[in-house]
Amino acid sequence: MSSKRPYLLLATIILLWGMNFVISRFLSGIDPVRVSGILFGFFRYSLGAITMLFVIAYRREGLSIILEEVRPYKNILFLSALFSAVFVIASHTSAEFVSSGTTSIIVNLCPILVLLYGTVYLRERLTAIKMVGFLLGLIGGLIFLWNSIAVSSSLDIGIILAIIAMIAWGSYTISLHYLEGANRYIVMTVKHVSSTLMIIPFILLLAMEGTTFILVLDVWSILGILFSGILASGLAYVLYFTAIEILGAPKASSFLFLVPFVSVVGDFVLGEPPALIALIAGTIALIGVGLVRWSTSKEIQQTDQ
Numbered sequence: 000m001s002s003k004r005p006y007l008l009l010a011t012i013i014l015l016w017g018m019n020f021v022i023s024r025f026l027s028g029i030d031p032v033r034v035s036g037i038l039f040g041f042f043r044y045s046l047g048a049i050t051m052l053f054v055i056a057y058r059r060e061g062l063s064i065i066l067e068e069v070r071p072y073k074n075i076l077f078l079s080a081l082f083s084a085v086f087v088i089a090s091h092t093s094a095e096f097v098s099s100g101t102t103s104i105i106v107n108l109c110p111i112l113v114l115l116y117g118t119v120y121l122r123e124r125l126t127a128i129k130m131v132g133f134l135l136g137l138i139g140g141l142i143f144l145w146n147s148i149a150v151s152s153s154l155d156i157g158i159i160l161a162i163i164a165m166i167a168w169g170s171y172t173i174s175l176h177y178l179e180g181a182n183r184y185i186v187m188t189v190k191h192v193s194s195t196l197m198i199i200p201f202i203l204l205l206a207m208e209g210t211t212f213i214l215v216l217d218v219w220s221i222l223g224i225l226f227s228g229i230l231a232s233g234l235a236y237v238l239y240f241t242a243i244e245i246l247g248a249p250k251a252s253s254f255l256f257l258v259p260f261v262s263v264v265g266d267f268v269l270g271e272p273p274a275l276i277a278l279i280a281g282t283i284a285l286i287g288v289g290l291v292r293w294s295t296s297k298e299i300q301q302t303d304q
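Heads up: the sequence shown begins at 0 in numbering that gives the first Met the number 0, then just goes up one per residue.
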């Protein structure tokens, strides 16, 4: 097997997940708005669930196998699905108010939260590199948030939603620690299906409160939803699991801090270039996140040897 293959897979994954933030912003936040953020999230996970069901069928993993695999993890899997549902609602609704790069950078600061949880509750070792990464992520993140809020008070709701998305995604990431050993394909499929169903009550609640939803089905919205659901929420996970099987989960995940850089490039394409200070602060924060991921990856590799 080519040594380049897993890195080509990761490059594809980074592009898919980075572009997903851009497409979400394009459809939900750039005039003319075509899809409300929460509806975009619902369609995304619905198509992602359908895609993963096809993958499960291809792998010949029937209902009995799925039930047997899920049974020991049902409680944590429920929490995992709930965190994921909150994440997709908050992140895509955030896209109605702030740029794709802003949402992506804030969401991808979540390893800082995961580091805190691991250090306090899992008694993981806090190395010097992790500490430097934490401080860079914290300082860069705070400057980035301050600058984003200072630019316009109308961005406040978008920033708050992005922070909620970050906390939810960090919580989801932590839940994966307790799902170690489970079949990744089955877990992701059940999670997608469950999260999709969990989004429905939120939509109904907003509808009862008089919220007006937007859904314009044209070539752009259809292509965007298909991209987000089938590719970014279906195919991307299949590719990611393949990369994990080759490189291992810690090393594969250590590259994901690059996702926001794709989203920031998308900001320029959409005519929403970030301010220089925000760009610098965001880069510093992401370097910190990268150090945390890299250090964690190295520690686990040394432990496994």
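For each residue, glycine too, the CB sits at the ideal point set by N, CA and C.
Per DSSP, reduced to three states, the secondary structure at V34 is strand.
Taking the Cα of Y236 as reference, the smallest distance to any Cα among I55, D30, K3 and R33 is reached at I55.
Comparing alpha carbon positions, the residue from Y239, V291 and I142 closest to I279 is I142. C-alpha of L135 to C-alpha of N107: approximately 14 angstroms in a straight line. Counting only residues of its own chain and dropping the five nearest sequence neighbours on each side, A251 has a CB closer than 6 angstroms to the CB of A242 and I243. Exclusion of the five residues before and after S194 leaves Y44, A80, S83 and A84 as the residues of its chain whose Cβ lies within less than 6 angstroms of its Cβ. The straight-line gap separating the alpha-carbon atoms of H91 and Y171 is approximately 17 angstroms. Assignment of beta-bridge partners to L214 by DSSP yields V34. Within the stretch 211 to 256, the complete alpha helix (DSSP H) runs of at least 4 residues fall at 218 to 225, 235 to 246 and 248 to 252.
Apart from sequence neighbours up to five positions away, the residues of its chain that approach E271 with a beta-carbon distance below 6 angstroms are S98, ordered along the chain. Excluding sequence positions up to five before and after F133, its CB lies within less than 7 angstroms of the CB of I111, L114, G287 and V291, all in the same chain and listed in chain order. Of all C-beta pairs linking the stretch 69 to 78 to the stretch 114 to 127, fewer than three are shorter than 8 angstroms, placing the two stretches out of contact. Residue burial is scored here from C-beta neighbours: R59 has fewer than 16 other C-beta atoms within 10 angstroms and is therefore classed as exposed.
Ranking V87, H191, I199 and I276 by CA distance to the CA of G140 puts I276 first.
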